[in-house]
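**Student:**
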Amino acid sequence: MSGIRVALVGNPNVGKTSLFNVLCDSNADVGNYAGVTVERREGQLSKRLGPHEPITIVDLPGCYSLTALSEDESIPFRVLSGAEGPLPDAIILVLDASNLARNLYLALQVFELGLPTLVALNMVDVARDAGLPCDAQALCARLEVPVVETVAREGRGARELVAALADLRKRARFPQSVVPGPKEPDLAEALQRLAPLGVARARWFLTSAAADLVTARDAQPEHAAVLERLDPATCRRAARQLIALRYARVDELLDALGHTQLLRDGAPTMSFSTRVDKILTHRVLGLAVFVGIMSLVFISIFSWAEPFIGAIEGAIGWLSSTVSSLLGPGLFTDLVTQGVIAGAGNVIVFVPQIALLFLFIGLLEDSGYLARAAFLLDRLMSRLGLHGRAFIPLLSGYACAIPAIMGTRTIGSWKDRLVTILMIPYMSCSARLPIYALVIGALFVSHDPWFSRAVDQGLVLLGMYLLSTVSALVAGFIYKRTILRSETPPLVLELPPYRLPRLRNIGRQVYERTKDFVRGAATVILACTILLWAVLSFPRSETHAGEGGPTQIARSYGGRLAQTLEPVLEPIGQDWRVGVGILGSFAAREVLVSTLGLVYGMEADEDDPVELRAAIREARNPNTGAPQHTPLSGLALMVFFVYACQCMSTLAVVRRETRSWRWPLFMLGSMTLVAYVAAWIVFQGGRALGF
Amino acid sequence: MAATLAGLGVGPRGTVVAVDGDDAMAIRLLEMGFVPETSVRVVKVAPLGDPLEIQVRGYHLSLRRREAARIRLRLE
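Residue numbers (the working numbering), protein chains in the order written: chain D, 3 to 693; chain P, 4 to 79.
(1) Do you know how far the Cα of D:R557 is from the Cα of D:A547?
(2) Can you give me the start and stop residues for the beta strand (DSSP E) that D:Q111 sits inside?
(3) Classify D:Y500 as helix, strand or coil using the three-state DSSP reduction.
(4) Kindly give me the distance between the Cβ atoms of D:R205 and D:L244, rounded to whole angstroms, as I take these residues to be in contact under 8 Å.
(5) Can you list, in chain order, the residues of the region 28-42 of chain P whose Cβ is nearer than 8 Å to any Cβ on chain D?
(6) Are the CB atoms of D:V8 and D:I57 nearer to each other than 8 Å?
(7) Just list the residues that DSSP pairs P:L66 with in beta bridges.
(8) For D:P1, which three-state DSSP category applies?
(9) Rounded to the nearest angstrom, what separates D:G183 and D:P177 at their Cα positions?
(10) Following the continuous alpha helix (DSSP H) through D:I245, name the residue where it begins and the one where it ends.
(11) Could you tell me which residues DSSP pairs with D:A92 in its beta bridges?
(12) Rounded to a whole number of angstroms, what is the C-alpha to C-alpha distance between D:P122 and D:V150?
(13) Chain P partners of D:R80, CB-CB under 8 Å?
(14) In angstroms, rounded to a whole number, what distance separates the CA positions of P:T41 and D:I413?
(15) Would D:S76 pass as an interface residue toward chain P - the criterion being a Cβ-Cβ separation below 8 Å?
(16) Kindly say whether P:V20, judged by its beta-carbon, lies nearer than 8 Å to any beta-carbon of chain D.
(17) Considering just the uninterrupted stretch of the alpha helix (DSSP H) at D:D694, what are its terminal residues?
(18) Would a check of beta-carbon distances place P:P54 closer than 8 Å to chain D?
(19) Taking only beta-carbon positions, decide if D:A456 is within less than 8 Å of chain P.
(20) How about P:R68: is its C-beta nearer than 8 Å to some C-beta of chain D?
(21) Using a C-beta to C-beta distance shorter than 8 Å, which residues of chain P count as neighbours of D:Y249?
(22) Would you tell me roughly how many angstroms separate the C-alpha atoms of D:I508 and D:Q554, rounded to the nearest one?
(23) With a threshold of 8 Å between beta-carbons, can D:S67 be considered close to chain P, or not?
(24) Would DSSP call D:L534 helix, strand or coil?
(25) Can you give me the start and stop residues for the alpha helix (DSSP H) that D:G294 sits inside?
(26) Counting contacts by CB-CB distance shorter than 8 Å, is D:A246 in contact with chain P?
(27) Counting only beta-carbon atoms, is D:R285 nearer than 8 Å to chain P?
(28) CA-CA distance, D:R242 and P:L33?
(29) Nearest to D:E41 by alpha carbon, out of D:S672, D:L337 and D:Q511?
(30) Which residue from D:Y66, D:R562 and D:V655 puts its Cα closest to that of D:L97?
(31) Quick check: the Cα distance between D:S322 and D:G561, rounded to an integer number of angstroms?
(32) For a quick check, are the C-beta atoms of D:L420 and D:L361 less than 8 Å apart?
(33) Which two residues bound the contiguous beta strand (DSSP E) that contains D:L123?
(34) Beta strand (DSSP E) containing D:A337: first to last residue?
(35) Looking at the C-beta of D:V296, does it have a partner C-beta in chain P at a distance below 8 Å?
(36) Within the region 406-432 of chain D, note down every full alpha helix (DSSP H) run reaching 4 residues or more, in order along the chain.
Structure (structure tokens):
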């Protein structure tokens, strides 16, 4: 760690990420702030931009204000005041030159901190195109801080910024703030009482307290005591006076810079976007385009990822057979191939889908369309109690829960993010498809004419997808009103001007998110794969498939467990063989097919398990001689898989995203229970009705 | 009934008189720039009838009717 830390602060959509990427090459350290889901990024200032001492750039989450209106939003102030990590030595404040009317509000709050501050006046090109005057000199004179013009997207101004940063630390700086006048008596009184907290903290407490949102951990005892001396009504009036006074100061600055007249006529930078929105948020066309874009996202994760996944599986298979031919048969070989290599494969296989989803989210977010999608969908999502942004992750859940759960990072509120995460595994992901296909192919054929005549195979499949969709919505509805109860999140959503997405930034985000998944989930997935392999392989036995008698897998601990559990499986129409399959499919749902194959003592081809389908159809109950599997038991099994969280990778990624085992275990427990009850209702209900 | 941003309709301009309420949302709206004497305009209504697209302080912001109804206006 280098000694000097510089915080990068700015509104959302002002090019802060671009600037960070320009300043720090590609060596960002991405993590999370403790206890919240806000992303923490740090990087070393690049040497390319001129000689300097080692400097760490801390990229703060984009914010419109430093006031803490939620726990996530308390992060910027906590970092800037030294409550979270070391106090920064300096601040680079990124201002959007094309939107100073709002950006300067944050600037005034930052100046209250009294840290050496350097302004990066970004997007000067956009501002000039829109006819807004940008004069770094004038702004510098008014704000009394150094101002450097930048166009971060093109890397312009980065060298000048680094040079200015070197001078900056020599300048002492004092907190600056608006001063209450005779029209603001409440503010004067409140600030006088809060004076012991220091300039910035006093003002931060005042506005945060007015919103009833100073969280316990932010208020140290002595601060809380000061706060208690303040009458709540005075506090609220004072906060309003403070905000109004800051904006009055912003208006003064705008006047001096010659922006006021231009703003009176509207939003100069929005003229192009307003024209584009005539189509993209049009009452009919807008929804059509939205459906088109979402279909594209969905199809891409569902099928464009397929060749990559195939290639990865091919490579893993090749590696596995190469290793086993090198090592020769034996326990160690099995451990390496079926445990370690298969486990690594289980991790890497998700990379194409994650990369594709984040590529799309990046394109949509960077271009400004994601905000429009939320604008279009908000009415529907708010009925459910969620933010419009929850839509894309939920839709992605149909393809794969892993990228979808990572995609919830775009949702601001922690509780709503958790509700969405808990909903996603109910969406029927593509890995359930082979199971539906196997069961439908094996059991829903016309050997039981009066059942299957009415039930077309396709309708059964459609039914499973409908069931999963309705269940996800119901689950969300329930969670939102019970354990994760919270108000429907307010929608205060900026609709930024449309911009051409920067592939460099998106590529970097895709890389960082994918790396994060591989690093964060790999250990758990690998460990689970090895554990499952062991459970299904020990104790070793000498007989081999085809010699008659129980197969190796039937004698394994897993096989014995399933046989012990048969009394539990029987009421949902399943036998111990399916039990072993369910256990094995925990590694990945599609493994059910190959595990069932092992149970029946055959090599099952995952793509077209003809033999296995026949074996399932032929299987007889040893006691009664009746068919072991009927369409009804098949239906119960599929319903079980609609609900069961039979995917350790999902659990691993939920643990990674929620930073605890609590939520993944809750997810596993609740979903398994729901799955069992639903399968029981289907099987017992079906039998009662005479099927 | 005093005029509010929710009742302004697409097109005409209004001037903020006050933001009602004592909660976090009131502070948030004020900090996003809906301070008294600010000029605002409804640009568009979302296809499903809610939320609204609003122009304030040179940028565009989306608010639901429920929140917009807390912003009291004077018609220009």
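Yeah, the Cβ is synthetic: ideal placement off N, Cα and C, and Gly gets one too.
**Tutor:** On the basis of the supplied data:
(1) In this prediction, D:A547 has a pLDDT of 47, which is less than 50 and means its spatial position is unreliable; what the coordinates show is noted afterwards. Between D:A547 and D:R557, the C-alpha separation is close to 12 Å.
(2) Where D:Q111 is concerned, there is no enclosing beta strand (DSSP E), although the alpha helix (DSSP H) it sits in stretches over L102 to F113.
(3) coil
(4) 6 Å
(5) M28, A29, I30, R31, L32, L33, E34, M35, G36, V38, P39, T41 and S42
(6) yes
(7) D:V494 and P:L55
(8) The structure shown has nothing for residue 1 of chain D, since chain D only spans 3 to 693.
(9) 18 Å
(10) P234 to L259
(11) D:V8
(12) The question names Pro, but residue 122 of chain D is Ala in the sequence shown. About 5 Å.
(13) Those do not exist, as D:R80 stays about 17 Å from chain P at its closest Cβ, beyond 8 Å.
(14) 30 Å
(15) no
(16) no
(17) For residue 694 of chain D there is no data in the structure shown, the boundaries of chain D being 3 and 693.
(18) yes
(19) Since pLDDT at D:A456 reaches only 47, below the 50 mark, its modelled position is unreliable, and no value is offered.
(20) no
(21) G36, V38 and T41
(22) 49 Å
(23) yes
(24) helix
(25) L287 to I301
(26) yes
(27) yes
(28) 8 Å
(29) D:Q511
(30) D:Y66
(31) 25 Å
(32) no
(33) T119 to N124
(34) Just to set this straight, residue 337 of chain D is Leu in the shown sequence, not Ala. Neither: D:L337 is in no beta strand (DSSP E) and is coded neither H nor E.
(35) Per the sequence presented here, residue 296 of chain D reads as Met, with Val not at that position. D:M296 does not count as touching chain P.
(36) 416-425
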